[in-house]
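Quick note, the sequence shown lines up with residues 1221 to 1687 if you use my numbering.
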Amino acid sequence: MLHSIVDHLPILATAVAEHATASATDAAASAGQQMTLLQEFGNNFIHNLFKPLLLFFYAGFLIPILKVKFEFPKVLYQSITIYLLLAIGWHGGEELASLSRGMLAQALGFMFIGFCTNLVIGILAYWILRTFTRLRKVDAATVAGYYGSDSAGTFVTCVGVLAASGIAYAAYMPVMLAVMEIPGCLVALVLVAKMRRSGMDENGNMPGEAGFVSRVVSQTRTVSVAQIEGRKLAYASVGASTVAVGGGGHGSHHEETTAERFEDDIALQEHGHEDEVTQSKHLLSAELLHEVFFNPGIYLLFAGIVIGFISQLQGQKVTKPDDLLFVDLFPAILCLFLLEMGMTASQKLRDLATAGWQFVTFALVAPNVFATLGMCIAHAYSMFLGQPFAIGTYALFAVLCGAASYIALPAVQRMAIPEASPTLPLAASLGVTFSYNVTIGIPVYILIAKVLTTKFPVIAEAAKAAM
């Protein structure tokens, strides 16, 4: 027995040594892989910071700070925006036309998930703003709407970064840009409608907030009744004097007629005010729905998608690698776009002075939280399908979740939420979040996507069937 144990000792020692060596090798490989990812991130981050795209953004950002007397032509900015939206939409439409039925079904599912994700992000943003900042409820709801939407500028910049880095992404992502812009509008409109029903005054203050004034409707009705009662007394005095001078019953009849007439006036005024209240409580008017679904940005993007889709079905591909207008000129025009965006972002920063450090912190931290949440949801969908997504798809979805609107929401706010601050939402979305995303955020999201897909690889359907 003892001899048997002694004989097996070398074998056991060898097995233990091999196991230890294998564990050490795995640990070293894992550590090496992590170091490689970090080194790659560092290189990409530094490279991204000094790409022409970002250098143009920095140049624009410094113009207001250095008080350079330069104004970007508004017409040129509008032309650039039209070009970028049509170019992205056209290319996306051509790629969509090339997809199989299975890929189209996958795209539709991803669009639904993207819509729901931004809806949740808008609600989550409102809760965070109400819990950790000093914003009024109406301002918190409006800002939440901005973050529940997306940013065409950030998306376009990310497309440029991915193209320059040779990182692939799904062809249907431009359609996601249009779909994921809508949830934020709905979140802001629903929240503000509930506030109006709860007694918000015309300045956007809720009961209990500083500066709150009770509803103007009740005040107006009180003043109107008081004025009418005074006028009734005056007419009554006239009627009494008529009786004294002329005799008979005409004065009494005149008084009764006057009283009845002014009671009718009261009823008409009350009815008019009730109509105003009812109209203010309407959640979504036809005009507002038109603004949400047919604002210029969404329309141009969808127009480009439809044109590209139809032209590709006819076998006419425009966005070829050697195309001058939609391919070769795209980076140069995007640089001009970022020059203007840098100027605008720098100008908006001054509006943050009264918002408090908590609000500024939210504008910096929220993109990372929402983008990471979006990538985790996208990865779960990828695992459910058994279809690995490209790294660029994760990065673009992260941008759609982590960015904040500055085109669609301001238009909706002007039309439907005039009580909210016109400066705070844009100061956060443009001054802080956009600046962070285009400089630091995009490389961070690419790194997170690589870590996520490395740590939790997607097993393709073919591999599952083989198992």
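Beta carbons are placed, not taken as given, at the ideal position from N, Cα and C, and that holds for glycine.
Query: Could you round the C-beta distance between G1594 and G1622 to whole angstroms and report it? I think they count as a contact, below 8 Å.; Result: 7 Å
Query: Could you tell me whether the stretch 1340 to 1356 touches the stretch 1263 to 1283, using the rule of 3 or more Cβ pairs below 8 Å?; Result: no
Query: Taking the alpha-carbon of I1518 as reference, which of K1289, K1271, A1372, K1675 has the nearest alpha-carbon?; Result: A1372
Query: Drop a sphere of 10 angstroms on the beta-carbon of S1655, count the other beta-carbons inside from all chains shown, and report buried for 16 or more, exposed for fewer.; Result: buried
Query: Whole angstroms are fine: how far does the CA of V1340 sit from the CA of F1375?; Result: 20 Å
Query: In terms of residues, what are the limits of the alpha helix (DSSP H) holding K1670?; Result: 1662 to 1675
Query: Is the stretch 1582 to 1594 touching the stretch 1408 to 1417 in the sense that three or more CB pairs, one from each, lie closer than 8 Å?; Result: no
Query: Give a yes or no on whether the C-beta atoms belonging to A1391 and G1312 are separated by under 9 Å.; Result: yes
Query: Using C-beta distances below 6 Å, list every residue in its chain close to T1613, excluding the 5 sequence neighbours before and after it, in chain order.; Result: Y1389, A1390
Query: Residues in its own chain within less than 6 Å of F1590 by CB, not counting five upstream and five downstream?; Result: I1341, C1621, G1622
Query: Going by beta carbon distance, what residues of the same chain come within less than 7 Å of A1565, once the five residues before and after it are set aside?; Result: F1281, L1650, G1651, F1654, S1655
Query: Distance check for L1409 and A1636, CA to CA, integer angstroms please.; Result: 7 Å
Query: Counting pairs of beta carbons, one from the stretch 1298 to 1311 and one from the stretch 1527 to 1535, are three or more of them closer than 8 Å?; Result: yes
Query: In terms of alpha-carbon separation, which member of V1658, A1398, T1643, A1361 lies closest to L1572?; Result: T1643
Query: Residues in the same chain with beta-carbon distance under 7 Å from E1560, minus the five sequence neighbours each way, listed in chain order, please.; Result: G1280, F1292, Y1297
Query: Which of the three DSSP states, helix, strand or coil, is assigned to E1494?; Result: Only weak support exists for where E1494 lies, its pLDDT of 42 falling under 50; the coordinates are left without a value.
Query: Please identify the residue among V1632, P1677, H1599 whose C-alpha is closest to the C-alpha of T1337.; Result: H1599
Query: Could you pull out every unbroken alpha helix (DSSP H) segment of at least 4 residues lying fully inside the stretch 1350 to 1381, listed in chain order?; Result: 1357 to 1367
Query: As a quick exercise: from S1505, Y1346, A1624, L1344, pick the residue whose alpha carbon is nearest that of V1658.; Result: A1624
Query: If I measure Cβ to Cβ from Q1607 and keep anything under 8 Å in the same chain, skipping five residues before and after, which residues do I get?; Result: Q1326, V1678, A1680, E1681
Query: What's the C-alpha gap between L1319 and I1266?; Result: 36 Å
Query: Using 9 Å as the threshold, is the C-beta distance between G1365 and V1632 below it?; Result: yes
Query: Going by alpha carbons, who is nearest to W1310 out of L1533, L1556, L1646, A1523?; Result: A1523
Query: Taking 9 Å as the cut-off, decide whether the C-beta atoms of A1628 and Y1665 are in contact.; Result: no
Query: Can you list, in chain order, the residues of its chain whose CB lies under 7 Å from that of P1284, leaving out five sequence neighbours each side?; Result: M1563, S1566, Q1567
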